[in-house]
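Trainee:
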Amino acid sequence: FILDHIFKQRRMLQSVIVITALAILFIPSNTFSQKPSIACKVIDQASQNISSCIFPFKFQNRTLNECIVDSEDHDKPWCPTRIINTTKPINSKEDLDGHWGNCLEECVVNRDIEKNILVNHDMKFLGDNGILCRECINWKECPWAKKVVTSLQGSLSPTQKNFWIKFMKSQRCGINGRNICCKAGPKINESINSKEFGVWKPDSSKFECGTSLDSFFIHGGADSKLGEFPFLALLGYPYYSLKCLDTIYLCGGSLINKHYILTAAHCLTIEDKPLKEIVLGEHNINSNPDCTNKFCAPSTQKRTPIKIITHEKWNIHTPTKGYDIGLVRMDRPVILAREDSQNSLLSPVCLPWKSYAPGRDINEGEETFVAGWGRVTNNANKAYENYCAIGAATPVLQKLATNIVSHGKCNEEFTQFNVSSDQQICSGGVKGKDSCNGDSGGPLMFKDNGLSDTPMFQIGIVSFGTASCGIGKPGVYTKVVYFLKWIEDHLEP
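Counting from 1, position 167 in the sequence shown corresponds to residue 765 in my numbering; the numbering is continuous, with no gaps.
(1) Q1014 and T1076 - do their beta-carbons sit closer together than 8 Å?
(2) Should E880 be counted as a contact of the ligand FAD given a C-beta to heavy atom distance under 7 Å?
(3) Between which two residues does the beta strand (DSSP E) carrying V747 extend?
(4) Could you check if K1071 is buried or exposed, using at least 16 other CB atoms within 10 Å of its CB as the buried criterion?
(5) When you compare each of D888, G808 and A999 to G1027 by their alpha carbons, which one comes out closest?
(6) Leaving aside the five residues before and after L806 along the sequence, list all residues of the same chain whose C-beta is less than 6 Å from its C-beta, in chain order.
(7) Less than 8 Å between the beta carbons of C701 and T679, yes or no?
(8) What residue range does the alpha helix (DSSP H) around I846 cover?
(9) Taking the C-alpha atoms as reference points, what is the distance between S810 and E826?
(10) So does the segment 945–954 actually touch the segment 861–879, counting three or more Cβ pairs closer than 8 Å?
(11) Mind checking which residues open and close the beta strand (DSSP E) that includes C865?
(12) Write down the C-beta distance between M928 and I859 rounded to the nearest angstrom, noting that I regard them as a contact closer than 8 Å.
(13) Cα-Cα, which of F655, W742, I763 and G957 is closest to T1052?
(14) By Cβ distance, which residues of its chain are closer than 6 Å to G1040, with the 5 residues on each side in sequence left out?
(15) Quick check: the Cα distance between I1023 and I883, rounded to an integer number of angstroms?
(16) Am I right that V797 and L1089 are in contact with their C-beta atoms under 8 Å? What's the rounded C-beta distance?
(17) With a threshold of 16 other CB atoms inside 10 Å of the CB of Q899, please say whether the residue is buried or exposed.
(18) I need the straight-line Cα distance from W742 to C780, nearest angstrom please.
(19) Indicate the three-state DSSP secondary structure (helix, strand or coil) for N1009 in the structure shown.
(20) Could you check the C-alpha separation between K919 and N777 for me, to the nearest Å?
(21) In chain order, which beta strand (DSSP E) runs of at least 3 residues are fully inside the segment 861–906?
(22) Can you round the beta-carbon distance between V968 and D1046 to whole angstroms, since I take them to be within the 8 Å contact cut?
(23) Would you mind working out which of Q658, G696 and C677 sits nearest A644, comparing C-alpha positions?
(24) How is L694 classed by DSSP in three states: helix, strand or coil?
(25) For the putative contact between D922 and A990, defined by C-beta atoms under 8 Å, what is the C-beta separation to the nearest angstrom?
(26) If contact is defined by three or more beta carbon pairs under 8 Å, each pair taking one atom from either stretch, is the segment 1003–1012 in contact with the segment 929–942?
(27) Assuming contact is defined by CB atoms lying nearer than 8 Å, are F653 and I688 in contact in what I supplied?
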């Protein structure tokens, strides 16, 4: 019976050690306070129960952080399981009144890893990436971890899924297998700021965004050059009432990385017209591919939306009160020109992520640009003809230079409501020149010093204006810099 009990305890011990070794993650450190070992458990000789080793402990004139092999029992490493007087050195096992146990091989191996970790009331175990975890919580309570899990259930490629599975495993902490190092653990921007992921924020200093792909650098506007705005998107909707086309393009948007389109919330909440299609790389709707005298551009890239996100405070019934911003995640990533110039003319627009980015602090009178396939006439019949023939208000992408208008002057022009200085920006106001219906959701752009070789930054989103375009009143745009944190929080890997 005694032997059966010992063998049973030994099997239990081995199971505990194996399970513990699989569950625990470690972080290197040089400091250690005396605590029961998580990775090293033994059978206490006094009670015959499974107990944790106590580390570190003082043995003779040494402080030990691992099982010891002494001259009395040289072939069996052991450790103390209870120490009453922590200041008095242990000279032999007899000083412990039986509160010690023989360490199994698994214990020695695991302890060799564990002996250099820091464990106190503020820190917890983390993976082997050398990051200290100060918030070890259930993954369901961690915003970034929930995003990852959602993405794993979505449209990620096998390579992306494998990356994220490994990444999640590397950020586990504690010993229950469900906790994640939420705040101090994952440095997402540094670890996964790869263009393959939805959280990628293109960097203008690396020429990853805002660059025209032409060889040069809408109402009252002019035709744009082919490749001048390689981030412009057409948003298509079902519109069966026209009885001529089943898809028309009522809004625009901008490509901010390979997975996401930034647009206006009112473009994503059109009654009875859910967003159906995103077209990128378009220039002249009447031709595909678009060609000049010198070359033909790659064909357009079409995607479908798999996730629509509008600001929580957006209200379709009070559109002038702001929060007119939304994101669209596409069903698969687009191909960028930097990756394959034979099959793509796409490049994302720059957002002013950095504190010193152009367009963060813009002054009255500074020049901005707007582009889109919106109406170039107030003639409703002509606009209808174009929508019925080509699906958009005008066939060729239009561009227009406008100038920033102060909020004071803007509010003088729109007396029926208040334009917010925090989240809205005004530009334009020259008679005969304006963004118009169909330009909604598109970008208001800024180039530092107006230089043609500097990247374009999106500082606004076309939100609303007057019912008749180009009558001399400015357009109102959602101020992108105000919503950068919102955008970042809603990007998923």
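Ideal placement from N, C-alpha and C gives every residue a C-beta, glycine not left out.
Treat the numbers as computed from the prediction; the structure is a model and nothing was measured.
Mentor: In terms of the structure at hand:
(1) Cβ atoms of T1076 and Q1014: not closer than 8 Å.
(2) Absent from the structure shown: the ligand FAD. Ligands present: none.
(3) DSSP places V747 in no beta strand (DSSP E) but in the uninterrupted alpha helix (DSSP H) bounded by P741 to L750.
(4) By the neighbour-count rule (16 or more Cβ atoms within 10 Å), K1071 is buried.
(5) Among D888, G808 and A999, the Cα nearest to that of G1027 belongs to A999.
(6) Rather than Leu, the amino acid found at residue 806 in this sequence is Glu. Here the set comprises P800.
(7) With respect to the 8 Å criterion, C701 and T679 are not classified as neighbours on the basis of their beta carbons.
(8) Run containing I846: none in the alpha helix (DSSP H); it sits in the beta strand (DSSP E), T845 to L853.
(9) Rounded to whole angstroms, S810 to E826 spans 5 Å at the Cα level.
(10) In short, these stretches do not touch, since the Cβ pair count stays below three.
(11) It is not in any beta strand (DSSP E) - C865 carries neither H nor E in the DSSP assignment.
(12) Going by Cβ atoms, the distance from M928 to I859 rounds to 7 Å, so yes, they are a contact pair.
(13) The shortest C-alpha separation from T1052 is found at G957.
(14) Around G1040: G850, G970 and V1060.
(15) Counting only the Cα atoms, I883 lies some 30 Å from I1023.
(16) About 5 Å separates the two Cβ atoms, so the contact holds.
(17) So Q899 counts as buried.
(18) CA-CA distance, W742 to C780, rounds to 8 Å.
(19) The three-state reading of DSSP puts N1009 in helix, counting H, G and I together.
(20) So the alpha carbons of these two residues sit roughly 41 Å apart.
(21) Taking 3 residues as the shortest admissible run, the segment 861–906 contains the following complete beta strand (DSSP E) segments, listed from N- to C-terminal end: 875–878 and 899–901.
(22) In fact, because the Cβ distance is near 17 Å, the residues do not count as touching under 8 Å.
(23) The candidate whose alpha carbon is nearest that of A644 is G696.
(24) Note: L694 maps to helix in three-state DSSP.
(25) That pair is no contact at about 21 Å.
(26) Not touching, per the Cβ criterion.
(27) In this structure, I688 does not lie closer than 8 Å to F653 by Cβ.
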